[in-house]
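Quick note on the UniProt record's numbering: the sequence shown kicks off at 1 and runs consecutively.
From the three backbone atoms N, C-alpha and C, an ideal C-beta is built for every residue, glycine too.
Since the structure is predicted, the reported quantities are computational estimates derived from the model, not experimental observations.
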Amino acid sequence: MIRNKLDVTIGNVSEVYDGAGGILWEMLMGEQIHVGAEGDTDLLAGKSNIGKKSHVLDVCSALGGPARHLAQKYGCRVTGLDATRRMHEEAVRRTTDAGLEERVTFVLGNALDMPFAADTFDVVWGQDAWCYITDKERLIEECARVVKPGGVVACTDWLETGPMNRDEWEALHTFMVFPYMETLDGYAALLEAAGLRVEEKVDISADFPKYIQGYLDKVQHEFQQGIIDSYGREMYDEVVRGITLWREAAREGKVGRGRLIARK
Numbered sequence: 001m002i003r004n005k006l007d008v009t010i011g012n013v014s015e016v017y018d019g020a021g022g023i024l025w026e027m028l029m030g031e032q033i034h035v036g037a038e039g040d041t042d043l044l045a046g047k048s049n050i051g052k053k054s055h056v057l058d059v060c061s062a063l064g065g066p067a068r069h070l071a072q073k074y075g076c077r078v079t080g081l082d083a084t085r086r087m088h089e090e091a092v093r094r095t096t097d098a099g100l101e102e103r104v105t106f107v108l109g110n111a112l113d114m115p116f117a118a119d120t121f122d123v124v125w126g127q128d129a130w131c132y133i134t135d136k137e138r139l140i141e142e143c144a145r146v147v148k149p150g151g152v153v154a155c156t157d158w159l160e161t162g163p164m165n166r167d168e169w170e171a172l173h174t175f176m177v178f179p180y181m182e183t184l185d186g187y188a189a190l191l192e193a194a195g196l197r198v199e200e201k202v203d204i205s206a207d208f209p210k211y212i213q214g215y216l217d218k219v220q221h222e223f224q225q226g227i228i229d230s231y232g233r234e235m236y237d238e239v240v241r242g243i244t245l246w247r248e249a250a251r252e253g254k255v256g257r258g259r260l261i262a263r264k
C-alpha cells in the first residue's frame, strides 16, 4: 500500500535525465548508473541464469551500460527500454561505437505500457531504477506479461526501509524525483499478485550508506569545481544538501536497497 505519493510524472523524470541530473549521476556512478556497477550486474546475472541463449529486457535501461556489459560478458541478447530521449539516443550511440548493435537494441517507450508481445523475454530486469516508476503495480504486471513462462523477473531497487516523518519523506523524494519508494515486502507482494513465484527476497541495505557517502565525497572533492563552473554554486549546494539528507537517512535505516528474484 502506498502511504504517500509525490506528484511526479514520467515527464519530470525525463527532464532530469535529459539534463544535468543524468550527467551528474553518470559522474558519480559511472555509465551503469546504479549502486555497485558491474559487480552488482554480474551478481544479478548469475542469479538470473543469464547465458548465450538468453534474451534480456532491461527496464529503464538509461545509458545502456548494463545491457552492453551483459552482451559482452555473457553473449546474450538484450533489449533496453527507457522513456528518456537523451538516455535512449546516447545508449544507441555508445552501443554502435562498441560494435554491439547486433546483440543490444534499445526502444524508447514507457515501462507501464511496454511495446512488446506477451511471453517474449527469458529475463526481465531492472537495477535501481524502478523507484522512478509512478505505478509499480502496473510495472510488475507488465514485467510478468512480457516474460516467458519459466522466465525470471529480477531487480534491485532503492527502498523505504524505516519510518520517517512527512517532511523528511518529501525532502528525500523531491531531491531524487521519486514518486514513491516501495518496500521489500511490498515488491514481493506485487510480484506474487502478478502470478510470479518469489524465489529470493533480500535486504541489501548494509553497504548503502557507504555508497551514498562515496557519492558525497566525489561531489565535494573530485567534481566540486566542475559542477560549480557548469551549473553554478546554487546547484552545487543543492546537490550536497540532497545527498547529505540521503546519507543520514541511510545511516538511520530509513532508506536502503533490496534484491528480488521471481519466476513465472
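Span of the beta strand (DSSP E) holding residue i?
i, result
"C155", "147 to 160"
"V78", "77 to 82"
"V56", "55 to 59"
"V198", "197 to 203"
"G39", "Looking at the DSSP string, G39 is not in any beta strand (DSSP E); the run it does join, the alpha helix (DSSP H), is 37 to 47."
"L108", "104 to 108"
Measure how close the beta-carbons of residue i and residue j come, nearest whole angstrom, since I'm counting them as under 8 Å.
i, j, result
"V104", "A67", "5 Å"
"Q5", "P179", "Per the sequence shown, residue 5 should be read as Lys rather than Gln. With a Cβ gap of about 6 Å, K5 and P179 count as contacting."
"V56", "V78", "5 Å"
"E26", "L63", "7 Å"
For residue i, does the count of other Cβ atoms within 10 angstroms reach 16, so buried, or fall short, so exposed?
i, result
"E222", "exposed"
"A98", "exposed"
"S14", "buried"
"Q127", "buried"
"D58", "buried"
"A118", "exposed"
"E199", "exposed"
"G226", "exposed"
Can you tell me where the alpha helix (DSSP H) holding residue i begins and where it ends?
i, result
"E252", "Neither: E252 is in no alpha helix (DSSP H) and is coded neither H nor E."
"Q220", "From DSSP, Q220 is part of no alpha helix (DSSP H); its letter is neither H nor E."
"F121", "Element bounds for F121: not the alpha helix (DSSP H) but the beta strand (DSSP E), 121 to 127."
"T96", "85 to 97"
"F116", "Careful: F116 lies outside any alpha helix (DSSP H) and carries neither H nor E."
Out of curiosity, what's the CA-to-CA distance linking residue i and residue j?
i, j, result
"E160", "I228", "31 Å"
"V240", "Y231", "13 Å"
"E89", "E248", "35 Å"
"G36", "K218", "15 Å"
"G162", "W246", "13 Å"
"V152", "I212", "29 Å"
"Y187", "Q220", "34 Å"
"A144", "Q224", "43 Å"
"E102", "K53", "14 Å"
Using a Cβ-based criterion (distance less than 8 Å to any ligand heavy atom), does residue i qualify as near the ligand COA?
i, result
"S48", "The ligand COA is absent from the structure shown, which contains no ligand whatsoever."
query: Between the stretch 221 to 237 and the stretch 39 to 50, do at least 3 Cβ pairs fall closer than 8 Å?
result: no
field: Segment contact, 8 Å Cβ cut-off, at least three pairs: the stretch 254 to 264 with the stretch 192 to 204
entry: Contact annotation: the stretch 254 to 264 touches the stretch 192 to 204, with at least three C-beta pairs closer than 8 Å.
query: Touching or not, the stretch 109 to 123 and the stretch 164 to 174, by the rule of three or more beta carbon pairs under 8 Å?
result: no
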